[in-house]
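Participant: Here it is, the structure in full.
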Amino acid sequence: MIPLAEPDLSGNEARYLQECIRTGYVSSVGPFVQRFETDFAATVGVRHAIACASGTAALHVALQLAGAGPEKLVAVSDFTFIASANAVSYTGADILLVDSESDTWNMNTELLYDEVVRRSRLGLRVPDVVEVVHILGHPANIQPLLALRERFGIPIVEDAAESLGAAWTDGQQVGTVGDVGCFSFNGNKLVTTGSGGMIVTDDVDSARQARHLVNQAKIAKDQYLHDSVGYNYRLSNIGAALGVAQLERLDQISEAKRQIAHRYGHWLRDIPVSPPPKATWAHPSYWLYSVLVCDDIVAPEQVVSSSGRLGIQSRRLWPPLHLQLPYRSTERIGGEVADALYRKGISLPSSAALTENEQRIVCKRLSELLTIRSRR
Ligand SMILES: *Cc1c(COP(=O)(O)O)cnc(C)c1O
């Protein structure tokens, strides 16, 4: 089976894990946690990084720091993995779903801008926070959100869970322009710690708050004293050990992903699929290489099941949040673009260790599947 996205643990991972066991530091206290945070902050270019047990945990805390809570409204991308919305729900805030734009598949931030202006003119409820997701390794169009923050004081939380290494062409990394940014190190993400996440910010007070909340809001070093309801959201030294080893090879992993994207772009150009977006102002990281098939030629679920039988793992893109049971009656702006992405989108094998030969097989099979059907 050629997998969709498998971690590549061929560097110092085993050595650092051994070190955890040898020294006894297997829990959330230990030298790798701080090293991982320091390395990560330097890698993306922020002042502070706080390691968490998962990307979802990171988002939960980040949203709380940005002011999400009961009676508040958070604008969220409609087309995303459900964790983006669940983290908002944990805070007790309401959600306003915002449709995608076809150019990047990310939140249509111009649509949101116009909607906020319209609502504020009419005295209607406007979002208190925007949570923008950079999906599949492509940065979102951030300018309208910066304008919203400037004009209405709406803070920005970036869900960069899938997009470590993606940047805007001015060199700014995703996750670093909002008030708080979040990353995930789940097993299928660009870099993995088994399960894990990171909160990043340039603001020292937010960083201190985040560190406090992920550690049960503990106020005294050697006593059980707490000043609010915190969370057990710390990353373990074991996870951090993996993370440190993975970060050492980030450039290599990122380069592999870009090569894979480049080859897919080349090898799939004669078959009826649209390549993933690449805006002129974006440096995508191509976490999962995803294409749109013409759904009148073949349904994506057919491609997924047929290629599965041929030993190739692919996967449909997410149903928009407005189709997911917990969010069906959630308020939303648009949703048709997100619907179309779900109707047509599939992700192809994108592991950093995918060989050229395996990739040739994927393209050949896909081409057979799609051209046989288009001739019918
Ligand atoms: C993976 C992911 C998350 C959640 O990260 P976990 O580490 O799995 O909790 C959040 N948002 C998006 C967009 C993701 O892809």
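The end of the sequence shown is residue 418 by my numbering, with every number in the run present. For every residue, glycine included, the Cβ atom is placed at its ideal position computed from N, Cα and C. Predicted model, so just to flag it, every value in this text is computed and none were measured.
Buried or exposed: which applies to Leu267, given that a residue is buried once 16 or more other Cβ atoms fall within 10 Å of its Cβ?
Facilitator: Answer is exposed; the Cβ neighbour count stays below 16.
Participant: Touch check for the stretch 141–149 and the stretch 193–202: three-plus C-beta pairs under 8 angstroms?
Facilitator: Output reads no: the stretch 193–202 does not touch the stretch 141–149.
Participant: Hey, would you say the C-beta of Asn148 is under 8 angstroms away from at least one heavy atom of ligand 1?
Facilitator: The answer is no for Asn148.
Participant: To the nearest angstrom, how far is the alpha carbon of Ala93 from that of Ala110?
Facilitator: If you take the alpha carbons of Ala93 and Ala110, they lie about 20 angstroms apart.
Participant: By Cβ distance below 7 angstroms, which residues in the same chain neighbour Val75 in space, the five residues on each side in sequence not counted?
Facilitator: Once the five neighbours on either side are set aside, the close Cβ partners of Val75 are Ala93, Leu277, Asn279, Ala282.
Participant: On the DSSP bridge list, what partners appear for Asp201?
Facilitator: In the DSSP output, where bridge partners are listed per residue, Asp201 has Val175, Cys224.
Participant: Following a CB-centred definition, is Asn228 positioned closer than 8 angstroms to any heavy atom of ligand 1?
Facilitator: Yes, ligand 1 has a heavy atom inside 8 angstroms of this Cβ.
Participant: Rounded to whole angstroms, what's the CA-CA distance from Asp247 to Ala91? Just pull it up for me.
Facilitator: Going by the C-alpha atoms only, they are around 12 angstroms apart.
Participant: Between Asp156 and Arg191, what straight-line distance do the alpha-carbon atoms span, to the nearest angstrom?
Facilitator: For Asp156 and Arg191, the distance between alpha carbons rounds to 13 angstroms.
Participant: When DSSP builds the beta bridges, which residues end up paired with Ala91?
Facilitator: Looking at the DSSP assignment, Ala91 forms a beta bridge with Val242.
Participant: What do you get for Ser296, buried or exposed, if any count of 16 or more other CB atoms within 10 angstroms of its CB means buried?
Facilitator: Answer is buried; the Cβ neighbour count reaches 16.
Participant: Going by the beta-carbon positions, is the gap between Leu187 and Leu154 smaller than 9 angstroms?
Facilitator: For Leu187 and Leu154, yes; Cβs fall inside 9 angstroms.
Participant: With hydrogens ignored, establish whether the beta-carbon of Phe461 is closer than 8 angstroms to any heavy atom of ligand 1.
Facilitator: Lying before the first or after the last residue shown, residue 461 is absent from the chain, which here runs from 43 to 418.
Participant: Quick one: any contact between the stretch 249–258 and the stretch 345–354, if contact means 3 or more CB pairs under 8 angstroms?
Facilitator: Too few Cβ pairs lie closer than 8 angstroms, so no.
Participant: Name the residue from Lys231, Ile184, Thr235 whose alpha carbon lies nearest to the alpha carbon of Ala324.
Facilitator: Taking only the C-alpha atoms, the option nearest Ala324 is Ile184.
Participant: Whole-angstrom Cβ separation of Asp50 and Val286, contact assumed at under 8 angstroms?
Facilitator: Wrong, their Cβ atoms sit about 15 angstroms apart, outside the cutoff.
Participant: Exposed or buried, Arg291, counting other C-beta atoms within 10 Å across all chains shown (16 or more means buried)?
Facilitator: With 16 or more other Cβ atoms within 10 Å, it is buried.
Participant: How far does the alpha helix (DSSP H) with Arg163 in it extend, from its first residue to its last?
Facilitator: Element bounds for Arg163: 151–164.
Participant: Hey, Leu330 and Ser389 are a contact pair by Cβ (cut 8 angstroms); roughly how many whole angstroms apart?
Facilitator: Right, their Cβ atoms sit about 4 angstroms apart.
Participant: Only counting the same chain, and skipping five residues up and downstream in sequence, which positions put a Cβ closer than 6 angstroms to that of Phe121?
Facilitator: If we look at Phe121 and ignore the five residues flanking it on each side, its Cβ neighbours are Ser142, Pro362, Ala380, Leu383.
Participant: Is any heavy atom in ligand 1 found nearer than 8 angstroms to the beta carbon of Ala203?
Facilitator: True, at least one ligand heavy atom lies under 8 angstroms from that Cβ.
Participant: Taking the CB atoms as reference points, tell me whether Glu79 and Ala129 lie closer together than 9 angstroms.
Facilitator: Taking 9 angstroms as the Cβ cut-off, Glu79 and Ala129 do not qualify as a contacting pair.
Participant: For Pro368 versus Ser126, is the C-beta distance shorter than 9 angstroms?
Facilitator: Not in contact: Pro368 and Ser126 (Cβ atoms no closer than 9 angstroms).
Participant: For Asn230, which option in Lys320, Ala394, Leu115 has the closest C-alpha, if you only look at C-alpha atoms?
Facilitator: Nearest option by C-alpha distance: Ala394.
Participant: When you measure from the CB of Ala47 to every non-hydrogen atom of ligand 1, does any distance come out below 8 angstroms?
Facilitator: For ligand 1, not one heavy atom lies less than 8 angstroms from the Cβ of Ala47.
Participant: Could you check where the alpha helix (DSSP H) with Arg374 kicks off and where it finishes?
Facilitator: It is not in any alpha helix (DSSP H) - Arg374 instead sits in the beta strand (DSSP E) that spans 373–375.
Participant: Just reading off the beta strand (DSSP E) that Leu139 is part of, what are its end residues?
Facilitator: Start and end: 136–140.
Participant: Using a Cβ-Cβ cutoff of less than 6 angstroms, which residues in the same chain neighbour Ser226 once the five nearest sequence positions on both sides are dropped?
Facilitator: Contacts found: Gly97, Ala203, Gly239.
Participant: Can you name the residues that DSSP bridges to Ile388?
Facilitator: Answer by DSSP bridge pairing, in chain order: Val333, Arg358.
Participant: Which full runs of the alpha helix (DSSP H) of 4+ residues lie inside the stretch 272–338, going along the chain?
Facilitator: You should have 279–290, 292–309.
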